[in-house]
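Trainee: Taking this note's numbering, I'd label the letters of the sequence shown as residues 1 to 568.
I have a structure I would like to understand better, so I am pasting it below and will then ask my questions one at a time.
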Amino acid sequence: MISRVREHRQGQVERLLLVLMGARLALALASLGIGLILDFISGAENHATSWPGFYVTVALCFVATLVYRPFVGAIRRPHRFGAINVATDLALVSALVLFSGGKDSVFTFLYVAVGLYSGVLFPGLGALLCSAVGSATYGLVLAIGAFGWLGPGVGSAPPSVLLTSWLVLSSGLFAAGGLAGFLARELVRAGRALDERTEDLLQLRTLHQHTVESLKSGLLTTDLTGHVTSFNQEAQRITGLSRSQALGRVVDEILPGLEALRCVQSEGGALSRSRMRFAGQEGRELHLGLATYVLRDGGGEARGEVVIFQDVTDVVAMEQELRRSERLAAVGELSASIAHEVRNPLAAISGSIQMMHAQTPAVGAGAESKRLMEIVVREVDRLDGLISDFLQFARPGETRREWVLVTEVFDGVLDMLEASALEGIEVECDVADGLEVDADPAQLRQVLWNLVNNAIQAMPDGGCVRIEARPGRDEAQEEGEDRRSNPQGKPHSVEICVLDQGVGVPPEVAEHMFDPFYTTKPRGTGLGLATVHRVIQEHRGVIRVTQGPSGFATKVEIRLPCGEGALA
Numbered sequence: 001m002i003s004r005v006r007e008h009r010q011g012q013v014e015r016l017l018l019v020l021m022g023a024r025l026a027l028a029l030a031s032l033g034i035g036l037i038l039d040f041i042s043g044a045e046n047h048a049t050s051w052p053g054f055y056v057t058v059a060l061c062f063v064a065t066l067v068y069r070p071f072v073g074a075i076r077r078p079h080r081f082g083a084i085n086v087a088t089d090l091a092l093v094s095a096l097v098l099f100s101g102g103k104d105s106v107f108t109f110l111y112v113a114v115g116l117y118s119g120v121l122f123p124g125l126g127a128l129l130c131s132a133v134g135s136a137t138y139g140l141v142l143a144i145g146a147f148g149w150l151g152p153g154v155g156s157a158p159p160s161v162l163l164t165s166w167l168v169l170s171s172g173l174f175a176a177g178g179l180a181g182f183l184a185r186e187l188v189r190a191g192r193a194l195d196e197r198t199e200d201l202l203q204l205r206t207l208h209q210h211t212v213e214s215l216k217s218g219l220l221t222t223d224l225t226g227h228v229t230s231f232n233q234e235a236q237r238i239t240g241l242s243r244s245q246a247l248g249r250v251v252d253e254i255l256p257g258l259e260a261l262r263c264v265q266s267e268g269g270a271l272s273r274s275r276m277r278f279a280g281q282e283g284r285e286l287h288l289g290l291a292t293y294v295l296r297d298g299g300g301e302a303r304g305e306v307v308i309f310q311d312v313t314d315v316v317a318m319e320q321e322l323r324r325s326e327r328l329a330a331v332g333e334l335s336a337s338i339a340h341e342v343r344n345p346l347a348a349i350s351g352s353i354q355m356m357h358a359q360t361p362a363v364g365a366g367a368e369s370k371r372l373m374e375i376v377v378r379e380v381d382r383l384d385g386l387i388s389d390f391l392q393f394a395r396p397g398e399t400r401r402e403w404v405l406v407t408e409v410f411d412g413v414l415d416m417l418e419a420s421a422l423e424g425i426e427v428e429c430d431v432a433d434g435l436e437v438d439a440d441p442a443q444l445r446q447v448l449w450n451l452v453n454n455a456i457q458a459m460p461d462g463g464c465v466r467i468e469a470r471p472g473r474d475e476a477q478e479e480g481e482d483r484r485s486n487p488q489g490k491p492h493s494v495e496i497c498v499l500d501q502g503v504g505v506p507p508e509v510a511e512h513m514f515d516p517f518y519t520t521k522p523r524g525t526g527l528g529l530a531t532v533h534r535v536i537q538e539h540r541g542v543i544r545v546t547q548g549p550s551g552f553a554t555k556v557e558i559r560l561p562c563g564e565g566a567l568a
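Have a look at this one:
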């Protein structure tokens with residue numbers, strides 16, 4: 001701060017020196033004109049100035065300015081250079097006064113001018129010292145005139161008159177220098193206070209900017225017309241818009257649906273914490289938690305609006321998982337109490353119908369009864385299969401985990417697909433070599449088969465199913481993990497994806513795809529994907545359904561823990 005004030009002061013001195021040199025040139029020109037006018041009025045025989053001394057002094061004013069100008073801004077100590085300029089100007093002013101009539105010179109006011117700017121350059125004692133030097137030089141000029149060193153009659157006057165002239169000019173010189181010094185000192189104090197306030201303001205502004213940019217929430221402000229006036233870094237990341245793209249736009253163009261949501265919240269338009277859907281980058285649907293507040297100025301007047309929003313997509317997914325788990329727990333309790341109670345009567349019904357079927361003749365009226373019995377047996381078998389699926393979902397078998405190569409699981413599924421000989425279905429496979437997962441191979445194979453089978457059923461007119469497996473990276477790696485804990489940069493998870501070119505999955509269906517008994521198929525049970533979800537959960541993995549990339553309608557992504565030897 002001190003060095004900045006010193007630099008500011010030096011810059012101020014340099015600017016004053018430039019003004020001084022400009023004033024010197026102007027006064028030199030004015031003195032030249034005044035001298036010529038006085039000489040013309042006095043006549044050729046009786047010059048008002050002492051020729052050629054007066055004009056030589058005027059010429060020296062121009063020479064001094066030309067010599068000193070290149071040094072402004074190039075010297076390291078401008079105050080010393082300013083003292084040289086003050087001394088030069090006092091000498092030049094004294095010469096002008098001396099060669100233009102001494103005490104009767106019209107240029108004596110220039111002493112006061114030098115006292116004024118010397119007070120600005122050197123406030124305090126410096127100004128008084130310059131005034132003292134100016135007073136002494138004027139006294140010397142009066143003494144030269146009194147002794148007649150420039151010729152008889154030049155500046156001659158009684159001593160009392162000379163003393164009075166000297167006292168009057170000296171008083172004016174000291175008054176001008178003191179006043180200029182006082183004003184300059186106050187100006188310096190005000191400048192220093194202004195610099196301190198400016199520094200505090202800059203620090204506060206920097207702190208505010210860093211705080212806003214460091215927030216893990218999107219933040220934007222608007223004016224009274226709803227146009228965006230600020231847009232922080234997290235807001236850019238969430239919306240995919242740069243600050244230049246967002247500034248000046250209406251906030252509803254950046255967050256579509258905000259106005260409608262605000263109107264639903266309250267008639268006054270004030271929005272408390274709420275959530276809304278948002279189409280993110282690459283078509284990914286996000287859930288935003290947001291709130292708006294009135295932006296007020298220092299006087300409490302409304303100046304716009306503050307909108308704070310966060311990407312709570314993961315939170316929404318966790319809430320859905322929690323609700324699904326609660327439903328699954330309820331289903332498990334229900335299945336434990338009624339599964340066997342339902343299955344035992346079914347077995348009795350099936351056995352009785354089969355006995356009746358064996359005793360019913362194949363012709364006549366008995367043929368119709370036999371057909372009905374076959375329907376009953378078939379439906380009982382279907383109901384028994386449904387109960388088996390239900391029990392497998394509610395009470396899955398023991399998981400036997402081991403380190404299994406993903407390529408082996410994929411090969412088993414591809415063999416089953418080749419045996420099925422599906423017409424119009426093309427299967428693509430892209431698996432990185434060496435990937436291992438900690439999983440039950442049979443259950444993982446069943447999961448992959450169910451997903452591929454669902455993808456095929458979603459393409460009644462044929463199409464391409466693509467299955468992929470690649471190393472995944474967790475959040476710690478994406479944000480820059482400690483290299484000492486993972487020196488070779490090995491992945492911590494494996495991502496398995498199943499993509500299809502089917503009809504796609506609407507968002508409202510994707511939310512319930514893994515719920516038990518939720519199905520869009522006419523004869524589906526709604527337990528296949530629910531079982532898949534449960535198996536993935538038991539393997540400490542995650543599964544989600546999103547919109548597919550270019551060329552594919554749906555993408556099902558599974559992330560499972562990776563083996564120690566992955567990509568070795």
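We put the CB at the ideal spot given by N, CA and C, even for glycine.
Using the three-state DSSP reduction, which class does residue 193 fall into: helix, strand or coil?
Mentor: helix
Trainee: Using a Cβ-Cβ cut-off of 8 Å (strictly less than) and excluding sequence neighbours within five positions of residue 159, which residues of its own chain qualify?
Mentor: 146
Trainee: Kindly indicate which three-state DSSP category residue 17 falls into: helix, strand or coil?
Mentor: helix
Trainee: So, residue 110 versus residue 27, is the Cβ gap smaller than 8 Å?
Mentor: Inclusion of residue 110 and residue 27 in the CB contact set at 8 Å is warranted, their separation being smaller than that value.
Trainee: Classify residue 496: buried if its beta carbon has 16 or more other beta carbons within 10 angstroms, exposed otherwise.
Mentor: buried
Trainee: Does the separation of the CB atoms of residue 532 and residue 450 fall below 8 Å?
Mentor: yes
Trainee: The alpha helix (DSSP H) that contains residue 78, what's its start and end?
Mentor: 78-98
Trainee: Counting Cβ pairs closer than 8 Å, one from the segment 439-447 and one from the segment 401-414, do we hit at least three?
Mentor: yes
Trainee: Using a C-beta cutoff of 8 Å, does residue 102 count as contacting chain D?
Mentor: Note that chain D does not occur in the displayed structure, where there is just one protein chain.
Trainee: Beta-carbon within less than 6 Å of residue 468's beta-carbon, same chain only, minus the 5 sequence neighbours each way: which residues are those?
Mentor: 430 and 497
Trainee: Have a look at 345, 559, 207 and 375 and flag the residue whose alpha-carbon is nearest the alpha-carbon of residue 492.
Mentor: 559
Trainee: Tell me the rounded alpha-carbon separation between residue 180 and residue 75.
Mentor: 25 Å
Trainee: Compare the C-alpha of residue 103 against each of 69, 141 and 70 and name the closest.
Mentor: 141
Trainee: To which residues does DSSP link residue 296 through a beta bridge?
Mentor: 302
Trainee: In angstroms with no decimal places, state the Cα-to-Cα distance between residue 227 and residue 250.
Mentor: 4 Å
Trainee: Checking the sheet assignment: what are the DSSP bridge partners for residue 549?
Mentor: Residue 549 is bridged by DSSP to nothing; it lacks a bridge partner.
Trainee: Would the beta-carbon of residue 427 fall within 8 Å of that of residue 417?
Mentor: Taking 8 Å as the Cβ cut-off, residue 427 and residue 417 qualify as a contacting pair.
Trainee: Please identify the residue among 550, 419, 535 and 539 whose C-alpha is closest to the C-alpha of residue 466.
Mentor: Sorting 550, 419, 535 and 539 by C-alpha distance to the C-alpha of residue 466 places 550 at the top.
Trainee: Going by other Cβ atoms of all chains shown within 10 Å of its Cβ, with 16 needed for buried, is residue 278 buried or exposed?
Mentor: buried
Trainee: Just checking my contact of residue 504 with residue 553 at CB under 8 Å: how many whole Å lie between their CB atoms?
Mentor: 4 Å
Trainee: What's the gap between the Cα of residue 562 and the Cα of residue 302?
Mentor: Rounded to the nearest angstrom, the gap between the Cα atoms of residue 562 and residue 302 is 55 Å.
Trainee: Could you give the C-beta distance for residue 289 and residue 275, rounded to a whole number, given that I count them as a contact under 8 Å?
Mentor: With a Cβ gap of about 5 Å, residue 289 and residue 275 count as contacting.
Trainee: When you compare the CB positions of residue 172 and residue 121, do they come within less than 8 Å of one another, or not?
Mentor: no
Trainee: Per DSSP, which residues does residue 555 bridge with? Please list them.
Mentor: Answer is 499 and 546.
Trainee: For a quick check, are the C-beta atoms of residue 353 and residue 376 less than 8 Å apart?
Mentor: yes
Trainee: With DSSP as the reference, identify every bridge partner of residue 220, one or two as the case may be.
Mentor: Bridge partners of residue 220: 231 and 307.
Trainee: For residue 493, does the three-state DSSP call read helix, strand or coil?
Mentor: In the three-state reduction of the DSSP assignment, residue 493 falls in the strand class, which pools E and B.
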